[in-house]
Amino acid sequence: MSAIEISQLAKSFGPVKAVDGVSFTVEAGTITGYLGPNGAGKTTTLRCLLGLVTADAGTALVNGVPYPQLKQPLAAVGAVLEATNFHPGRTAINHLRILCTAAGLPQQRAAEALEQVGLADVASKRVSGFSMGMRQRLGLAGALIGHPEVFILDEPANGLDPSGIQWLRGFLKHLAHERGAAVLVSSHVLAEVEQTVDNVVIIAKGRLVRQGTLAELTRNGDAPLRVRSLDPQTLGPALERAGGAVEPLDDGALRVRGLAAERVGEVVLAEQVVLTELVQERTDLQRVFLELTEETS
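Below is the structure:
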């Protein structure tokens with residue numbers, strides 16, 4: 001059973017199909033990036049998953065059941081959909097203490113959660129004086145209160161400075177890869193997502209356009225090979241004779257198009273040159289994202 005399972009989910013607002021038959025899963029111990037242009041349906045999907053919006057069709061399950069049926073929601077799911085849902089006159093510690101009271105959790109969890117997100121030194125500060133980045137951390141502290149194993153986060157990097165983004169990256173990896181949590185992250189910060197997630201789900205105009213591991217989505221079977229040897233003057237012409245298009249690079253490597261890696265290996269063996277690098281160049285996530293979402297525009 002997947003930690004999060006969304007199947008044929010659909011939701012319309014009047015004539016607008018916000019989510020149209022979306023299906024994907026999130027497994028324990030992984031971070032899944034949920035990506036799409038503004039208005040693609042990402043937040044609507046998350047709201048359906050958390051029972052804040054009633055879907056027209058399909059299912060959205062957490063640990064096999066709809067979120068409203070969870071007996072202890074905060075112990076099962078940590079969710080952050082926006083970083084503005086705080087009473088401005090309340091202190092950070094009191095905000096979390098109220099969550100503890102509502103969930104029947106020990107009051108010390110409030111201080112522990114603040115410590116986890118690096119806000120222990122501002123525990124007694126009113127939220128009205130918090131920056132956007134601090135509010136994001138406070139939202140994450142609230143998500144941690146019940147020690148959940150599923151996290152649903154909508155744009156958690158908004159308002160964070162570079163050091164905060166680096167902290168978030170390590171924090172999410174700790175949750176998934178060390179604690180074994182399932183983490184679903186909606187984001188438009190593609191460069192950051194690429195350094196954080198294991199899996200990617202891309203939607204556009206409410207419909208799923210691609211999903212897979214990050215490696216699968218950024219691997220291009222037609223991408224050129226990067227080849228480096230101790231004798232490029234011998235290898236380059238040999239690869240051209242084998243039918244490859246060879247481009248010398250500034251760092252001494254060769255970019256080779258039109259040949260499979262296996263064929264390059266055969267040429268290397270025949271020429272008896274020492275090979276020090278043979279990799280297929282990758283397509284970055286931003287390029288994949290733009291290509292896929294433009295196709296649906």
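When you line the sequence shown up against full-length UniProt numbering, it's residues 1 to 297, in that order. Note that the Cβ used here is the ideal one computed from N, Cα and C, for glycine as well.
With respect to the alpha helix (DSSP H) encompassing residue 52, which residues constitute its N-terminal and C-terminal limits? Locating residue 52 in the sequence shown gives position 52, counting from the first residue. From DSSP, residue 52 is part of no alpha helix (DSSP H); its letter is neither H nor E.
Grab the span of the beta strand (DSSP E) containing residue 245 for me, first residue to last. Position 245 of the sequence shown, counting from 1, holds the residue named residue 245. 245-248 is the extent of the beta strand (DSSP E) around residue 245.
Could you tell me how far apart the beta carbons of residue 119 and residue 137 are, in whole angstroms, since I believe they sit closer than 8 angstroms? Within the sequence shown, the letter at position 119 stands for residue 119. Within the sequence shown, the letter at position 137 stands for residue 137. Between residue 137 and residue 119 the Cβ distance is about 5 angstroms, and since that is below 8 angstroms, they are a contact.
Segment contact flag, the segment 47-61 with the segment 104-120, C-beta cutoff 8 angstroms, min 3 pairs: no
Give me the Cα-Cα distance between residue 235 and residue 267, rounded to the nearest whole angstrom. Stepping through the sequence shown from its first residue, residue 235 is reached at position 235. Stepping through the sequence shown from its first residue, residue 267 is reached at position 267. In a straight line, the C-alpha of residue 235 is about 8 angstroms away from that of residue 267.
Would you kindly check if the distance between the Cβ of residue 200 and the Cβ of residue 175 is under 7 angstroms? Here residue 175 refers to the residue found at position 175 of the sequence shown. Here residue 200 refers to the residue found at position 200 of the sequence shown. Cβ distance not < 7 angstroms, so residue 175 and residue 200 don't count as in contact.
Where residue 187 falls: helix, strand or coil (DSSP): Here residue 187 is taken as the residue at index 187 of the sequence shown, counted from 1. Residue state, collapsed to three classes: coil.
Exposed or buried, which one is residue 299 when buried takes at least 16 other CB atoms within 10 Å? Because residue 299 is not part of the residues shown, which for the chain are 1 to 297, the question remains open.
What is the rounded straight-line gap between the Cα of residue 106 and the Cα of residue 112? Counting from 1 along the sequence shown, the entry for residue 106 is found at position 106. Counting from 1 along the sequence shown, the entry for residue 112 is found at position 112. When rounded, the distance between both Cα atoms is 11 angstroms.
Comparing alpha-carbon positions, which option in 98, 93, 108 and 155 lies nearest residue 127? The sequence position of residue 127 within the sequence shown is 127, counting from 1. Of the candidates 98, 93, 108 and 155, the one whose C-alpha sits nearest the C-alpha of residue 127 is 93.
Going by C-alpha distance, which of 197, 162, 274 and 237 is nearest residue 285? As a first step, residue 285 must be located in the sequence shown, where it is residue number 285. Out of 197, 162, 274 and 237, 197 has the C-alpha closest to the C-alpha of residue 285.
State the CB to CB distance for the pair residue 46 and residue 145, rounded to an integer number of angstroms; the pair is presumed to be in contact (CB under 8 angstroms). Residue numbering aside, residue 46 sits at position 46 when the sequence shown is read from its first letter. Residue numbering aside, residue 145 sits at position 145 when the sequence shown is read from its first letter. Not quite, the Cβ-Cβ distance comes to about 19 angstroms (not below 8 angstroms), so this is no contact.
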